[in-house]
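K.L.:
Please see the structure below; I have some questions.
Number of protein chains: 2
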Amino acid sequence: MVESWSFLDTSESNFRPLVVIELAKGTKEETIEWFTKRIVDKKANGGAQLLIKPLVTENGVENIYLVGASHIRLLLGAEAVGLVKECSDNSMRTFTYSSRKTFKHFADDNHNFLTMAECQYIIKHELENLRAKDEKMIPGYPQAKLYPGKSIVRRLLTSGILVQIFPLHDREELKKLCYSWYGRVKIGYQPLDAIRCYFGETIALYFGFLEYFTFALIPMAVIGIPYYVFAWEDYDKYVMFATFNLLWSTVILEVWKRMCAILTYRWGTLLMKRQFEEPRPGFHGVLGINPVTGREEPVYSSIKRQLRIYLVSLPFVCLCLYFSLYVMMIYFDLEQWALDYHKENESNFSSLMLYVPSIIYAVVIEIMNRIYRYAAEFLTSWENHRLESSYQNHLILKVLVFNFLNCFASLFYIAFVLFDMKLLRQSLATLLITSQILNQFAESLLPYWLQKTYNRRMKKRTCSTKTDVDLSLAEQVTMEKEMGTYLGTFDDYLELFLQFGYVSLFSCVYPLAAVFAVLNNITEIYSDALKMCRVYKRPFAEPTANIGVWQLAFETMSVISVVTNCILIGMSPEVDALFPDSKMDLVLTVALIEHLLLAMKFIMAFVIPDKPRDIQMKLAKLEFESLEALKQQVRAFQMQL
Amino acid sequence: MVESWSFLDTSESNFRPLVVIELAKGTKEETIEWFTKRIVDKKANGGAQLLIKPLVTENGVENIYLVGASHIRLLLGAEAVGLVKECSDNSMRTFTYSSRKTFKHFADDNHNFLTMAECQYIIKHELENLRAKDEKMIPGYPQAKLYPGKSIVRRLLTSGILVQIFPLHDREELKKLCYSWYGRVKIGYQPLDAIRCYFGETIALYFGFLEYFTFALIPMAVIGIPYYVFAWEDYDKYVMFATFNLLWSTVILEVWKRMCAILTYRWGTLLMKRQFEEPRPGFHGVLGINPVTGREEPVYSSIKRQLRIYLVSLPFVCLCLYFSLYVMMIYFDLEQWALDYHKENESNFSSLMLYVPSIIYAVVIEIMNRIYRYAAEFLTSWENHRLESSYQNHLILKVLVFNFLNCFASLFYIAFVLFDMKLLRQSLATLLITSQILNQFAESLLPYWLQKTYNRRMKKRTCSTKTDVDLSLAEQVTMEKEMGTYLGTFDDYLELFLQFGYVSLFSCVYPLAAVFAVLNNITEIYSDALKMCRVYKRPFAEPTANIGVWQLAFETMSVISVVTNCILIGMSPEVDALFPDSKMDLVLTVALIEHLLLAMKFIMAFVIPDKPRDIQMKLAKLEFESLEALKQQVRAFQMQL
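Note that the protein sequences, when read in sequence, are chains A and B.
Going by the UniProt record's numbering, the first sequence runs without a break in its numbering and finishes at 641.
Going by the UniProt record's numbering, the second sequence runs without a break in its numbering and finishes at 641.
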């Protein structure tokens with residue numbers, strides 16, 4: 001079917017499968033022929049100029065295709081996506097094909113100059129940028145309309161002809177990565193650069209943040225332990241801990257920006273220019289003229305979207321928040337009931353029963369969070385945002401507000417309405433620990449176990465005793481295409497965000513929270529690593545320069561925690577005792593200290609530079625060079641006159 | 001002396017004087033010859049390729065030179081400085097000589113395509129970028145060392161050979177501008193576009209902000225008047241006013257960002273790329289290698305600078321702050337004395353005497369502000385900052401902190417230590433009005449009067465009866481070179497900043513402040529306009545895209561005013577009466593409201609987009625086009641293969 005190779009390739013032996021395309025069963029011949037032809041066609045003819053090969057398995061042809069590209073095609077693609085690589089003089093520069101010789105490790109025969117993840121990202125980019133020319137519809141599917149400039153792959157995906165596109169694992173590399181990452185028990189850093197080479201920057205940055213955050217929590221945990229061991233209950237010790245905590249949380253968030261700049265500079269994404277954002281696949285509307293691009297494409301009125309947001313989404317979110325508060329009140333009834341029960345018949349069983357409502361509530365919170373997550377995704381998708389970034393922002397806002405209230409409302413209620421510090425401590429501990437256990441289980445162990453059993457069944461069926469590495473390509477593809485899809489770092493960051501809330505919001509009543517957070521994060525690193533390597537399909541690499549909106553979310557949380565901690569300290573009986581004469585003085589002092597702390601936070605955020613000095617220098621140098629180059633051009637032009 | 005015209009010019013009749021260079025009297029012949037040769041030399045030889053002519057006055061040659069440039073030279077210079085102009089299709093684009101035909105109003109014989117201010121900015125840029133080649137020193141002055149790449153003009157300025165460089169006024173244009181700006185009494189907007197064409201973007205943006213701010217204060221003033229007229233003293237009316245004030249101040253600052261984007265988009269500076277910053281003229285150090293540019297230039301260790309800042313500047317500022325507080329305490333003694341005097345012998349004279357301490361204090365504050373200003377400039381200059389921007393930031397920080405304390409400390413003391421609302425209102429009024437009168441007098445009227453008398457004397461001496469417009473070039477230059485130099489918008493913004501403080505910090509006790517501010521600003525527009533047009537030398541245009549650090553300063557002030565107003569309202573006896581049982585409830589309610597207001601401010605700042613939708617679209621369109629152009633290049637290159 002696919003016989004005409006693009007002329008950039010000398011022989012089929014060059015072919016290294018990088019990306020798998022799975023078409024729906026029963027896709028029409030003419031569609032397949034047209035699609036594969038467009039993929040291999042020359043750039044000049046509007047094709048992607050890639051290589052494609054059908055996968056032949058034991059069951060014959062299964063509408064699965066392997067996509068690769070010649071070395072030179074990948075290099076040109078690297079220029080098109082604006083990849084930034086290291087030069088021979090150790091500076092980072094945007095890769096261009098004409099300046100390729102100046103880059104470190106570049107050689108015409110070095111096919112490892114681009115990492116496999118980069119190659120796969122380039123292929124994905126080229127496939128997505130395969131645009132309709134004069135086709136009015138997808139051949140064979142008259143109902144699947146096309147118009148000039150529309151991404152073919154996105155249309156195929158939305159019309160269900162294309163089932164999935166995913167990058168292949170490199171079994172050899174993966175084994176090496178797994179070993180250095182979590183294969184042996186060791187104390188030390190994660191191989192972030194190797195993770196980045198294999199999974200791309202977004203995922204490597206998540207693991208970088210997780211590791212950084214864990215290390216940053218260690219001082220808090222270390223200071224927190226003696227509070228538990230010696231059962232310290234002194235007021236000034238708690239104040240000390242809370243103050244340290246508040247300043248520390250500001251410092252770590254600021255320092256993370258610097259760490260992030262160091263990492264992403266080394267990876268080249270700090271310098272990478274943002275690509276122009278295409279409409280997201282799910283976006284639909286009536287055909288119109290896009291005022292920015294001047295192209296004919298679906299447009300959807302902003303007013304309609306606003307109406308959907310304010311008349312449907314907003315009331316729905318409010319309803320969910322109300323429901324969450326309602327559930328919280330039921331929890332308090334249960335709590336009261338358990339307390340009464342314990343009082344009536346005091347026994348070991350009844351004292352255990354005291355913890356049951358909290359545990360049930362924690363489980364219910366987790367379930368509600370997960371259900372709400374689906375609802376939020378559905379609603380945000382229904383709001384029909386044109387850009388993925390706008391979609392993500394609305395989704396994150398919805399989810400964050402609900403999760404924040406759902407997880408912390410009961411704690412706020414206990415702290416500031418019931419004034420019951422003992423119950424607060426107990427609830428906090430139960431919620432934190434239960435949610436950590438549930439998360440670890442639901443996110444990694446369960447999928448891993450399912451995957452294992454599935455693999456075992458598969459292997460039994462094929463009667464093979466080969467290890468993963470020895471699998472044939474066909475077997476590997478068949479296995480990988482059945483694996484789950486990793487849906488991005490959203491849930492992982494969200495988990496860390498809530499954990500940060502548990503640790504910082506009420507730090508002065510429960511210093512031990514940081515200890516649990518550290519313990520959880522250490523296992524989290526392992527279970528997340530396992531999840532990435534063994535449970536899910538390999539995800540496409542996604543270049544990124546920072547953790548985006550999460551930085552803001554964490555900073556907001558740390559501001560809120562200043563307020564809560566100051567109030568908690570002000571409410572403690574020990575502080576009360578310091579102001580025997582006047583409650584007023586107490587409140588005023590607390591308010592003053594709170595304002596000073598907030599002011600200090602803002603000043604610190606302002607004073608600590610976001611990028612370390614040497615990165616600033618390197619960026620300044622690059623800017624200087626590009627300005628000089630521009631000047632040279634102008635000068636050269638003037639001299640011609 | 002200067003005979004060889006650059007070959008870009010066909011005849012001397014082309015020459016239009018734009019910029020004046022004044023050399024010190026007695027400058028050596030060889031220096032003048034070398035300098036003028038470098039100015040006219042071709043770009044290829046490292047010259048500036050400008051035109052220069054000595055000015056011949058009645059007293060003969062006076063070492064004053066007129067600089068101009070051919071039309072084509074200016075167009076090439078416009079490309080070099082990265083000027084953004086409007087295209088025929090109404091979009092704003094970076095000007096390049098090769099694409100000149102696509103720009104609006106461009107014609108090879110249209111010498112008004114670039115405004116005079118733009119031409120002067122280009123010439124200044126070209127003169128400043130005239131760099132030493134192999135000269136080791138300025139010819140004739142062996143002590144004035146040079147090294148390759150060093151700006152010749154800056155060296156001449158620091159060694160005192162070059163007295164000044166300033167752009168010439170265009171008497172014709174100026175007359176038109178003056179008429180439309182302040183020449184007739186009218187109600188309406190200022191001719192901001194004309195101001196921008198004549199004085200450049202920085203000054204036009206200041207006047208734009210002044211006008212915007214005045215309009216924005218009108219609602220506050222209108223609401224404030226009835227409080228005075230009807231002598232409203234009700235608590236809820238004050239609360240209403242303060243709440244309105246607080247939200248309003250956030251709204252106006254956010255909306256200003258949008259206004260600013262609209263203005264600077266139209267002027268092209270929103271899109272203008274930042275130029276690489278050269279060391280400021282006063283910077284000195286030992287010769288070393290700049291790590292960014294790789295050029296040999298003076299370097300000054302950052303540690304030494306830090307030491308100077310923390311061991312000298314910081315203690316000095318603290319000492320000044322202490323001194324300012326000490327003066328404040330003297331003022332309170334005086335106030336007490338006047339009160340006692342008034343009690344003992346009650347008369348009209350003694351009741352007038354009540355205002356005397358405040359007035360004296362206001363005058364002393366102004367004097368201290370001005371003296372401190374010089375000290376701060378001296379210190380910051382001594383700190384030896386490499387970049388002008390870093391120098392400016394340190395200077396602004398020093399001056400802002402001191403002025404804030406100096407102006408508002410007494411008010412804070414009266415409000416939160418003495419709890420004397422009547423005295424607060426009286427002090428606020430006296431300070432505000434006195435400082436406004438002093439400022440108007442010192443800034444505009446005094447220099448104008450001095451200038452007038454000087455001009456009259458000059459005219460008497462030359463026995464001429466000509467009006468300004470009819471002056472010969474020589475007379476014009478002689479007159480303008482004696483005018484004062486406008487030192488930038490710093491003092492003007494500072495005045496507005498302090499005014500904003502008087503209006504917003506204690507708005508709930510003195511609603512009339514906004515009225516005075518509006519009245520002051522209306523006259524301020526006229527007196528500042530007069531100052532720009534008649535009192536000072538024409539300043540060089542300076543492209544800018546926003547009001548920079550002042551936006552932050554105003555926003556900080558509005559955050560502080562939330563706190564002060566909430567406390568003031570909480571302290572009022574009417575509010576006290578609402579909580580008869582518990583002072584605690586009162587304080588907690590006030591604190592809660594304050595936090596809600598602050599949260600609302602931050603959310604508003606976050607939600608209101610910084611740029612209006614149509615500007616965002618235009619910017620997106622430009623970005624899209626440049627990315628498309630890049631893609632086309634890559635594609636064209638790939639097709640060649």
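We put the beta carbon where it would ideally sit given N, CA and C, even for glycine.
Would a C-beta distance cut-off of 8 Å place G548 of chain A and M272 of chain A closer than the cut-off?
P.N.:
no
K.L.:
According to DSSP, is L83 of chain A helix, strand or coil?
P.N.:
coil
K.L.:
Shorter than 8 Å from the beta carbon of F419 of chain B to some beta carbon of chain A?
P.N.:
Output row for F419 of chain B: interface = no.
K.L.:
Considering Q164 of chain A, what are the terminal residues of the beta strand (DSSP E) in which it resides?
P.N.:
162-167
K.L.:
Let me check understanding here. Comparing Cα to Cα, which of B:M328, B:T453, B:G282, B:M368 lies closest to G160 of chain B?
P.N.:
Considering only alpha carbons, the answer is B:G282.
K.L.:
If we require 3 or more residues per run, which beta strand (DSSP E) segments fall completely within the stretch 259-343 of chain B?
P.N.:
Runs of the beta strand (DSSP E) inside the stretch 259-343 of chain B: 286-289, 296-299.
K.L.:
In its own chain, which residues sit with a C-beta less than 8 Å from the C-beta of S582 of chain B, not counting the 5 before and 5 after it?
P.N.:
none
K.L.:
Please state the DSSP three-state secondary structure of M617 of chain A.
P.N.:
helix
K.L.:
Please classify T380 of chain B: is it buried, with 16 or more other beta-carbons within 10 angstroms of its beta-carbon, or exposed?
P.N.:
buried
K.L.:
Based on DSSP bridge pairs, tell me the residues matched to K53 of chain A.
P.N.:
BP columns for K53 of chain A point to A:L66.
K.L.:
Classify W382 of chain B: buried if its beta carbon has 16 or more other beta carbons within 10 angstroms, exposed otherwise.
P.N.:
exposed
K.L.:
Closer than 8 Å, CB to CB, is K452 of chain A near chain B or not?
P.N.:
no
K.L.:
In whole angstroms, what is the alpha-carbon distance linking R305 of chain B and I371 of chain B?
P.N.:
24 Å
K.L.:
Please list, in chain order, the chain A residues whose beta carbon lies closer than 8 Å to that of H595 of chain B.
P.N.:
V563
K.L.:
Are L438 of chain A and Y502 of chain A closer than 8 Å when you measure CB to CB?
P.N.:
no
K.L.:
Using a 10 Å radius around the Cβ and a threshold of 16 neighbouring Cβ atoms, would you call E524 of chain A buried or exposed?
P.N.:
It is buried - the Cβ of E524 of chain A has at least 16 other Cβ atoms within 10 Å.
K.L.:
Would you mind sorting A24 of chain B into buried or exposed? The rule is 16 or more other CB atoms within 10 Å of its CB.
P.N.:
exposed
K.L.:
What in chain B is Cβ-close to P291 of chain A, meaning under 8 Å?
P.N.:
M617, K621
K.L.:
Which chain A residues sit within Cβ distance under 9 Å of L505 of chain B?
P.N.:
Under the 9 Å cutoff, chain A gives no residues; its nearest Cβ is about 15 Å from L505 of chain B.
K.L.:
Figure out for me which residue from B:I365, B:A69, B:E475 has the closest Cα to the Cα of Y331 of chain B.
P.N.:
Nearest option by C-alpha distance: B:I365.
K.L.:
Can you tell me whether DSSP reads P543 of chain A as helix, strand or coil?
P.N.:
coil
K.L.:
Closer than 8 Å by beta-carbon distance: list the chain B residues that pair up with L588 of chain A, in chain order.
P.N.:
V587
K.L.:
With a CB to CB cut of under 7 Å and the five nearest residues on each side skipped, what residues in its chain are close to R534 of chain A?
P.N.:
Y448, Q451
K.L.:
Looking only at its chain, what residues have a beta carbon closer than 6 Å to the beta carbon of R425 of chain A, apart from the 5 residues adjacent to it on each side?
P.N.:
V509, Y510
K.L.:
Nearest to residue 648 of chain A by alpha carbon, out of A:R373, A:K481, A:F419?
P.N.:
Given that chain A is displayed from residue 1 to residue 641, the structure contains no residue 648 of chain A and the question cannot be resolved.
K.L.:
Given this structure, state the Cα-to-Cα distance separating A474 of chain A from A514 of chain A, to the nearest angstrom.
P.N.:
47 Å
K.L.:
With the cut-off set at 8 Å, would you say G200 of chain A and A69 of chain A are in Cβ contact?
P.N.:
no
K.L.:
Classify I195 of chain B as helix, strand or coil using the three-state DSSP reduction.
P.N.:
helix
K.L.:
Tell me whether the stretch 262-269 of chain B and the stretch 341-359 of chain B touch, counting them as touching only if at least three CB pairs, one residue from each stretch, are closer than 8 Å.
P.N.:
no
K.L.:
In three-state DSSP terms, what is P142 of chain B?
P.N.:
strand
K.L.:
In angstroms, rounded to a whole number, what distance separates the CA positions of F15 of chain A and G149 of chain A?
P.N.:
29 Å
K.L.:
Looking only at its own chain, which residues have a Cβ that is under 8 Å from the Cβ of L8 of chain B, when we skip the five neighbours before and after it?
P.N.:
Note on L8 of chain B: pLDDT 44, under 50, position unreliable in the model; the coordinate value appears next. The residues are Q49, S70, I72, R73.
K.L.:
Judging by CA-CA distance, which residue of A:A517, A:T27, A:E443, A:F316 is the nearest neighbour of F490 of chain A?
P.N.:
A:E443
K.L.:
According to DSSP, is T489 of chain A helix, strand or coil?
P.N.:
Collapsing the DSSP output to three states places T489 of chain A in coil.
K.L.:
Any beta-carbon of chain B closer than 8 Å to the one on L627 of chain A?
P.N.:
It does; some Cβ of chain B falls within 8 Å.
K.L.:
Could you name the residues of the stretch 279-311 of chain B whose beta carbon sits closer than 7 Å to any beta carbon of chain A, in the order they occur along the chain?
P.N.:
Cβ contacts with chain A: P291, V292, T293.
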